[in-house]
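Taken in order, these protein sequences are the chains called A and B.
Just so we're aligned: 6 in this note's numbering is position 6 of the first sequence, and the numbers increase by one with no gaps anywhere.
Just so we're aligned: 37 in this note's numbering is position 37 of the second sequence, and the numbers increase by one with no gaps anywhere.
Backbone N, C-alpha and C define an ideal beta-carbon position, used for all residues, glycine too.
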Amino acid sequence: SQTIHQWPATLVQPVGSPLSLECTVEGTSNPNLYWYRQAAGRGLQLLFYSVGIGQISSEVPQNLSASRPQDRQFILSSKKLLLSDSGFYLCAWSADRNEKLFFGSGTQLSVL
Amino acid sequence: AQSVTQPDIHITVSEGASLELRCNYSYGATPYLFWYVQSPGQGLQLLLKYFSGDTLVQGIKGFEAEFKRSQSSFNLRKPSVHWSDAAEYFCAVGMNRDDKIIFGKGTRLHILP
Numbered sequence: 001s002q003t004i005h006q007w008p009a010t011l012v013q014p015v016g017s018p019l020s021l022e023c024t025v026e027g028t029s030n031p032n033l034y035w036y037r038q039a040a041g042r043g044l045q046l047l048f049y050s051v052g053i054g055q056i057s058s059e060v061p062q063n064l065s066a067s068r069p070q071d072r073q074f075i076l077s078s079k080k081l082l083l084s085d086s087g088f089y090l091c092a093w094s095a096d097r098n099e100k101l102f103f104g105s106g107t108q109l110s111v112l
Numbered sequence: 001a002q003s004v005t006q007p008d009i010h011i012t013v014s015e016g017a018s019l020e021l022r023c024n025y026s027y028g029a030t031p032y033l034f035w036y037v038q039s040p041g042q043g044l045q046l047l048l049k050y051f052s053g054d055t056l057v058q059g060i061k062g063f064e065a066e067f068k069r070s071q072s073s074f075n076l077r078k079p080s081v082h083w084s085d086a087a088e089y090f091c092a093v094g095m096n097r098d099d100k101i102i103f104g105k106g107t108r109l110h111i112l113p
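Structural data, given as structure tokens:
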């Protein structure tokens with residue numbers, strides 16, 4: 001069966017420090033992969049999505065970047081965190097554009 | 001640009017009453033439509049989806065939704081709510097021209113005993 005792993009679960013980082021959040025999927029191949037940020041009252045904001053290795057589409061270009069070095073690995077990064085980067089980050093995958101999303105357990109990021 | 005609007009941030013209904021949660025989208029083609037539910041402290045669970053065929057879609061937990069192309073809407077309904085339905089509900093839209101899936105801001109449902 002398919003599973004999605006996302007880590008770490010919580011992260012406290014100082015302003016200006018780098019960020020790397022990792023997400024891996026098991027039990028499927030060539031998934032669509034997504035990074036969302038969830039904030040209270042703002043729903044899920046799509047940050048990046050990917051349909052294949054090295055293919056990244058950005059919805060929020062600002063201070064974050066994403067990479068897909070392997071078929072089932074999706075990484076969210078920042079070179080220098082801002083206070084406004086604090087939030088709950090969710091990784092998700094789907095088998096196709098009209099299929100349901102499967103979500104990871106999320107990372108609560110606090111930038112201080 | 002594509003968008004999803006859930007006009008009601010909070011809705012309160014009495015247990016046993018009917019429910020309708022609204023969702024409108026902006027997209028130039030026929031979208032794929034989803035409703036997810038997130039209970040407190042839980043992950044998102046798919047209630048139902050539409051991508052073609054019958055515009056009235058049945059989902060889990062007694063929910064249904066109707067796609068109305070002319071109104072660009074995909075409203076979620078339940079004839080009789082239960083206290084366990086208290087949660088946050090998200091409408092999502094997938095694009096058939098790419099693989100983007102965007103969400104509305106959510107509607108928090110409160111149930112009165």
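Chain-order list of chain A residues neighbouring residue 104 of chain B: 43, by C-beta distance under 7 Å. In this structure, residue 26 of chain B sits near residue 72 of chain B, with a CB-CB distance shorter than 9 Å. At a Cβ-Cβ threshold of 9 Å, residue 98 of chain A and residue 59 of chain B do not count as neighbours.
Under the three-pair Cβ rule at 8 Å, the region 25-42 of chain A does not count as touching the region 12-30 of chain B. Inclusion of residue 82 of chain A and residue 48 of chain A in the CB contact set at 9 Å is not warranted, their separation being larger than that value. Within the region 29-112 of chain B, the complete beta strand (DSSP E) segments at least 3 residues long are 32-38, 44-50, 56-58, 64-68, 73-78, 87-94, 101-103, 107-112, listed from N- to C-terminus. Here residue 75 of chain B has 20, 21, 22, 23, 65, 66 as same chain residues with Cβ atoms under 7 Å from its own Cβ, once five neighbours each way along the sequence are excluded.
Against residue 103 of chain A, the close residues of chain B are 43, 44, in the order they occur along the chain (beta-carbon pairs closer than 7 Å).
Its Cα nearest to that of residue 35 of chain B, the residue B/102 stands out among B/84, B/102, B/83.
In this structure, DSSP gives residue 1 of chain A a state outside helix and strand, which the three-state scheme calls coil. Look at residue 105 of chain A here: in three-state DSSP terms it is coil, with no helix or strand label. Close to residue 89 of chain A, with beta-carbon spacing below 9 Å, lies no residue of chain B; the smallest spacing is near 13 Å. Residue environment analysis places residue 26 of chain A among the exposed positions, since fewer than 16 neighbouring C-beta atoms fall within 10 angstroms of its C-beta.
In terms of beta-carbon proximity, residue 32 of chain B lines the interface with chain A, with at least one pair separated by less than 9 Å. Around the C-beta of residue 93 of chain A, 16 or more other C-beta atoms lie within 10 Å, and the residue is accordingly described as buried. In the three-state DSSP reduction, residue 84 of chain A falls in the helix class (H, G or I). In this structure, the beta-carbon distance from residue 96 of chain A to residue 64 of chain A does not fall below 9 Å. A straight-line Cα-Cα distance of about 33 Å links residue 69 of chain A and residue 28 of chain B.
Taking all protein chains in view, the Cβ of residue 37 of chain B is crowded by 16 or more other Cβ atoms within 10 Å, so the residue is classified as buried.
If you check the CB distance, residue 100 of chain B and residue 22 of chain A do not come in under 9 Å. With a cutoff of 9 Å on beta-carbon distance, residue 91 of chain B and residue 46 of chain B are scored as not near each other.
Excluding residues up to 5 positions away in sequence, 21, 22, 107 lie with their Cβ nearer than 8 Å to the Cβ of residue 8 of chain B in the same chain. Boundaries of the beta strand (DSSP E) around residue 45 of chain A: 43-52. For residue 90 of chain A, the closest of A/80, A/79, A/74 by C-alpha to C-alpha distance is A/74.
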